[in-house]
Structures are given as structure tokens and as C-alpha cells.
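I have placed the structure first, in the form of C-alpha cells, so that the comments after it can refer back to it.
There are 2 protein chains.
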Amino acid sequence: MRAEGKGDLLNRVSIGRISEVIVEQVRLLIRQGQLSAGDRLPSERELCERFGVSRVTVREALRVLEANGLVEIRVGARGGAFVTAPSSRLVGEGIADLITLASLTAVEVTESRMVFELGIVPLVCERATQEDIDALYEICDRSKKALQGDDYPLELSAEWHARYAQAAHNRAISMLVESLHGPLLMSLERAREVSPMHGRRGVNEHRALVDAIAARDATAAAAQMATHLKRTAERLAKAPRGTSA
Amino acid sequence: MRAEGKGDLLNRVSIGRISEVIVEQVRLLIRQGQLSAGDRLPSERELCERFGVSRVTVREALRVLEANGLVEIRVGARGGAFVTAPSSRLVGEGIADLITLASLTAVEVTESRMVFELGIVPLVCERATQEDIDALYEICDRSKKALQGDDYPLELSAEWHARYAQAAHNRAISMLVESLHGPLLMSLERAREVSPMHGRRGVNEHRALVDAIAARDATAAAAQMATHLKRTAERLAKAPRGTSA
DNA sequence: TCCGTCTATTGGTTAGTCCATTAGACCACA
DNA sequence: TGTGGTCTAATGGACTAACCAATAGACGGA
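Protein chains in written order, with the numbering used here: chain A, 5 to 249; chain B, 5 to 249.
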């Protein structure tokens with residue numbers, strides 16, 4: 005649009021928002037490890053002096069850092085901004101926002117879950133420790149017990165899938181799956197609307213999957229997982245659309 | 005730790021931050037579609053009156069909404085807060101933060117990419133349109149051309165992988181892959197440090213992959229993709245560690 | 001027609017003030 | 001001895017009033 009023949013000889017002079025500069029500075033310190041989880045930043049009033057800006061500006065910077073999940077702010081004496089441990093919670097919220105805003109269908113979300121969870125079957129079968137397997141069985145047991153009451157083990161199913169991903173022994177994969185946790189719960193919620201009696205069968209499938217993993221039988225595990233997820237996908241496809249709110 | 009025999013009979017009374025209430029209200033409006041991309045929120049001064057709070061409070065709410073990628077703020081006359089189209093950029097930044105903060109290794113990131121991109125091979129082979137295939141070839145052509153100059157087609161490789169994911173025709177998958185775009189670029193950057201002459205071979209592999217997709221040969225495509233990604237992973241494994249600035 | 005200027009709108013920043021919450025010190029009473 | 005109030009200082013939360021900076025659009029002259 006604009007004539008810019010000389011390339012970027014002329015660079016932007018705008019320095020943007022001051023609060024943004026502060027955000028970047030703190031973010032850098034955290035990324036570089038000079039500030040690590042649990043550390044406390046100076047108080048707002050002290051930060052004002054350090055940066056030579058007003059308190060409002062510092063506070064806006066802290067709001068952004070907080071929204072990004074980098075710090076947690078506590079009030080009262082000995083309060084202040086504390087660097088938080090890295091968490092997948094906020095990424096999950098971001099993904100959840102993305103999904104609702106882009107009005108993705110439950111079918112699309114389920115399919116992506118399917119790709120991921122099916123893809124890690126070989127890794128899990130290869131790397132799962134006895135501890136992993138025990139933990140998965142334990143979740144199955146709890147689910148069965150919960151089924152005898154009125155509680156449908158919705159969160160338990162999510163927990164099972166998260167723990168399953170953890171057995172791949174790759175933190176990047178665990179975090180991604182955990183990030184999908186929120187959206188996953190949403191789609192499970194949806195599934196429950198459609199077929200409230202799904203619980204028992206799902207739990208049995210989970211258990212069969214653990215059996216296959218324990219036997220290091222990747223083929224059987226993959227087949228089982230495919231069935232499990234496909235059934236969910238089919239139920240979702242029959243779900244009523246546009247019933248949000 | 006605390007004695008809480010009676011469950012949550014005693015619930016928290018804290019109403020939290022005012023700005024947070026505003027954030028939630030606006031977020032809800034956006035989620036429900038009463039505000040959609042491109043819409044302009046009232047000016048800060050008008051929002052003050054509407055909510056009955058001071059301008060500082062409104063501004064803090066806007067900072068959070070902006071950090072969450074829900075609105076974009078423009079200054080000057082006719083400026084204000086505009087609802088943004090849903091974008092995967094911020095989720096990508098979140099994932100990038102997560103990766104650096106949790107100090108995940110490049111190997112772990114690459115492995116998760118591998119799972120995902122390998123997993124969608126069947127979907128892509130089944131669903132890719134002629135348009136998709138043409139676009140992928142076109143990126144290969146551009147990469148080859150760029151290789152003849154000094155430009156190593158780093159971004160082009162990322163573009164290829166993003167376009168490839170798009171050919172799965174599932175928006176959830178495209179968005180996730182795009183979210184991994186930032187981290188992906190980082191790992192590619194890393195790969196370049198190790199073997200600067202990787203370019204030509206990578207481009208050839210991309211082209212062979214498109215050939216397989218065009219032939220709807222999922223088996224060949226998967227094998228090709230596995231080779232391509234595995235080679236990257238191996239190079240990364242040999243990469244020098246802990247050289248982050 | 002085109003270019004400069006003026007103006008109103010709107011976000012960015014500051015300073016100063018007060019309130020609410022909290023941890024910790026201290027003290028009185030049982 | 002210890003249990004529960006009270007006081008105090010530190011700290012974030014919110015408000016007011018004012019000014020600065022960027023910008024779009026109107027207006028007017030060459």
C-alpha cells in the first residue's frame with residue numbers, strides 16, 4: 005500500500021506502550037531463568053521507581069503478565085507478584101477460546117484427539133512403566149466404583165486419558181494432551197447428553213486398553229483405542245447441533 | 005491440611021477484582037456471539053459510565069482481554085477496542101512459553117510433531133483436494149528457487165508443514181499445527197545450527213511426500229514423512245545443549 | 001484536485017489519594 | 001500456657017483530575 009522502496013531503512017519510531025516494554029523485560033527475565041517459579045517481584049511502588057513510571061503503568065504490565073500466566077498476584081502484607089510454575093492450564097484455556105470462537109464442531113475436536121491419542125499408542129506401549137500401568141488400572145477401578153453410584157465418571161475419563169498420555173514419557177506430549185483437557189471435557193459433556201449410559205462400556209474399553217499396553221501389544225492397543233474413540237465420534241456426530249447456551 | 009469436615013458449607017465470599025468481572029462479561033458476550041470479529045466496543049470513557057467504574061479499572065480489563073487475544077486496541081480518533089478474529093497466534097505463544105519455561109528439549113518437541121504429522125497422513129491422503137496438492141507443490145517450487153540464492157527456506161518449510169496440515173480439512177488440526185508453528189520454527193532454527201546444508205534434502209523430501217499424497221498412497225506417504233521427521237530428530241539429538249542465549 | 005491545517009475523539013500516562021486485605025507483632029484474659 | 005483480640009505496616013485495588021499523543025475527518029486555500 006505505502007511506497008517503501010528503500011526497504012526498512014526507515015524503521016518504526018514508535019516505541020509503543022510503556023507497559024508493554026515492562027512486560028517484555030520481565031518475560032525475558034523469566035525465560036532466561038533469572039526469575040524462577042516462586043520468586044517475588046518487587047512491590048508495585050518499588051517497580052514504579054525502578055522503571056521510572058507511574059503505578060498505573062506498572063499495574064497494567066502486571067495484568068498482562070498475569071493474564072499470560074507468568075505471575076500470580078497476591079494481596080495484603082507480603083503480597084505482590086510471584087512468578088508461577090509453568091502450567092498448561094492457560095494454554096488449555098486459549099485452545100478452548102479458539103475452539104468456541106472459531107465454532108469448531110465437536111467432531112473436529114474429537115478427530116484431532118483421535119489422531120494424537122492413536123499416534124502415541126506405540127510410544128506408550130514401548131515406554132510405559134509398571135507404575136504407569138498400575139495408575140491406569142487404579143483409575144479404571146475408581147471409575148467402576150463411581151459407576152455403581154450415580155456419578156458418571158466424566159472427570160475420571162479425562163483423568164484416564166491424561167494419565168495415558170503421560171505414559172508416553174514425553175513432557176511435550178503430556179502438556180499438549182493436558183491442554184486439550186478443557187475442550188475434551190466439553191466434548192465429553194456433549195457425549196453424555198446424547199447417550200447417558202455410555203459410562204460402563206467406556207470404562208471396560210479403558211481397561212482392555214491397559215491390558216494391551218501391559219502386554220506391550222501395540223497393534224491390539226491401537227485397534228482398541230481406535231474403537232473407543234470412533235464410538236465417541238459417532239455419538240457426537242448424532243448429537244444435536246447449535247444447542248450452546 | 006485444614007479441617008473441613010463439613011465439605012464446602014463455608015464458601016468464599018471474596019468478589020475478586022472488579023476488572024475481572026468486566027473481563028468475564030465481555031468474554032461472555034464474545035463467546036455468545038453478541039459481539040463478533042470487527043465489532044467495536046464503546047470507548048473507555050463510555051465503558052466507565054456503563055459499568056460505573058473508573059477508567060483505570062476499565063483499562064485493566066481491556067489489557068487482559070487484549071492479552072487473551074480477544075480484542076485489539078487502536079489509538080486515535082475512531083480508535084478503541086475491536087473484537088479480533090479468532091487466531092491461533094496467541095495459543096502458539098502460550099505453547100512457546102510453556103516449552104521454554106518447562107525447558108522441554110527439542111527432541112521432545114520434535115517427537116510430538118512427529119506423532120501429529122504422522123497421524124494425519126491418512127486423513128490428508130484421503131481428503132486432499134487438487135488445490136491442496138497444487139499449493140504444496142508451489143511451496144516446494146518456491147523453496148527450490150530460494151535455495152539457489154542464499155536464503156535457506158526456513159519459513160518456507162514451516163509454511164509447507166502448515167499447509168500440509170490444512171489439507172486434512174479439519175480446522176482443529178490446522179489450528180493445533182499452527183499453534184506449534186512458533187516452537188516448530190525454534191526447533192528448525194536449532195536444526196540449521198547443526199547442519200546448514202540440510203535444505204536441499206528437506207525440500208526433496210517434501211516434494212516426494214506431495215507425490216505420495218497426490219497418488220493417495222498413504223503407506224508411502226507415511227514412510228516418507230517418518231523418514232523426513234526422523235532425520236530432523238536425529239540431527240537435533242546431536243545438537244549442542246544448553247546454548248540458549 | 002490536492003495539500004496543509006485545524007479539531008474532536010480516543011487511548012496513554014501521570015500524580016495523588018483513599019480503601020481493603022493480609023501477615024505478623026503484641027497484649028490481655030482465662 | 002495458650003487462645004483470641006487488636007494494632008500496625010506493607011501491599012494491592014480503586015478512584016479522580018488532568019494532560020499528552022496519535023489519528024481520522026472536516027475544512028479551506030492554492
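From the three backbone atoms N, C-alpha and C, an ideal C-beta is built for every residue, glycine too. Since the structure is predicted, the reported quantities are computational estimates derived from the model, not experimental observations.
Pairing A:Val-62 with A:Val-75 gives a Cβ-Cβ distance that is not under 7 Å. For B:Val-25, the nearest beta carbon of chain A is not closer than 7 Å to its own beta carbon. With the criterion set as a beta carbon lying under 7 Å from some beta carbon of chain A, the members of the segment 116-133 of chain B are Ser-116, Val-119, Phe-120, Leu-122, Gly-123, Ile-124, in sequence order.
Shown here, B:Arg-82 sits in coil according to DSSP, grouped into three states, outside any helix or strand.
Taking a 10 Å sphere around the C-beta of A:Pro-46, we find fewer than 16 other C-beta atoms and assign the residue as exposed. For A:Val-60, the chain B residues whose C-beta falls within less than 7 Å of its own C-beta are Val-60, listed in chain order. In the three-state DSSP reduction, A:Val-111 falls in the helix class (H, G or I). Residue-level contact by beta carbon fails for A:Asn-208 and chain B, as no gap is shorter than 7 Å. Just so you know, the alpha carbons of B:Asp-43 and B:Ile-22 end up roughly 24 Å apart. Residue state for A:Ile-177 is assigned as helix, using DSSP reduced to three classes. One Cα belongs to A:Cys-144, the other to A:Glu-48, and the distance between them is close to 48 Å.
Between A:Glu-209 and A:His-173, the gap from beta carbon to beta carbon reaches 7 Å or more.
Taking a 10 Å sphere around the C-beta of A:Asp-101, we find 16 or more other C-beta atoms and assign the residue as buried. The Cβ of A:Ala-71 sits closer than 7 Å to at least one Cβ of chain B. Chain A places no beta carbon closer than 7 Å to that of B:Met-229, leaving this residue out of the contacts. A Cβ-Cβ contact shorter than 7 Å links A:Gly-98 with B:Gly-98.
In the three-state reduction of the DSSP assignment, B:Val-125 falls in the helix class.
Nearest Cα to B:Glu-135 within the set B:Val-68, B:Tyr-168, B:Arg-204, B:Thr-236: B:Tyr-168.
Going by C-alpha positions, A:Arg-205 is about 58 Å away from B:Gln-152. By the neighbour-count criterion, in which 16 or more other beta carbons inside 10 Å mark a residue as buried, B:Gln-228 falls on the buried side. Per DSSP, B:Ala-100 is one residue of the alpha helix (DSSP H) stretching across 93-105. When C-alpha distances from B:Ala-226 are compared across B:Leu-108, B:Glu-112, B:Gly-96, B:Cys-129, the shortest belongs to B:Cys-129. Between the segment 64-82 of chain A and the segment 106-113 of chain A there are fewer than three inter-stretch CB-CB distances shorter than 8 Å, so the stretches are not counted as touching.
With respect to A:Ala-41, A:Ala-89 sits close: the two C-beta atoms are nearer than 7 Å.
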